[in-house]
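Number 79 in the numbering used here belongs to position 63 of the sequence shown; there are no gaps in the numbering. We treat Cβ as the ideally placed atom computed from N, Cα and C, and that holds for glycine. From a predicted model like this one, the values you see are computed outputs, not experimental measurements. Following: one structure in structure tokens, then a few remarks.
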Amino acid sequence: MHAFAAPLQLVPSFGVPGILSTLILIVVVILVARVVLSIALKVAIVAAIVAGVLWFFGLLRLVPFL
Numbered sequence: 017m018h019a020f021a022a023p024l025q026l027v028p029s030f031g032v033p034g035i036l037s038t039l040i041l042i043v044v045v046i047l048v049a050r051v052v053l054s055i056a057l058k059v060a061i062v063a064a065i066v067a068g069v070l071w072f073f074g075l076l077r078l079v080p081f082l
């Protein structure tokens with residue numbers, strides 16, 4: 017057995033099914049990332065608003081724990 021035979025067997029064949037499955041995987045990853053980022057953006061906006069309200073109430077000494 018040659019030294020290069022084993023690594024060459026691990027290389028996938030670049031046929032139409034391999035290319036299509038790769039493209040489908042990329043599309044799924046992009047769609048999932050868009051959903052996760054939109055949820056993260058909404059959570060960050062709500063957290064910024066809550067932090068601002070608590071800071072404002074802390075300035076007025078209306079919240080005893082701040």
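{"Check": "Quick one: give me the first and last residue of the alpha helix (DSSP H) that residue 121 is part of.", "Outcome": "Outside the displayed range of the chain (17 to 82) lies residue 121, so it cannot be described from this structure."}
{"Check": "Could you give the distance in angstroms between the alpha-carbon of residue 38 and the alpha-carbon of residue 48?", "Outcome": "15 angstroms"}
{"Check": "Just the C-alpha distance for residue 66 and residue 50, rounded to the nearest angstrom, thanks.", "Outcome": "24 angstroms"}
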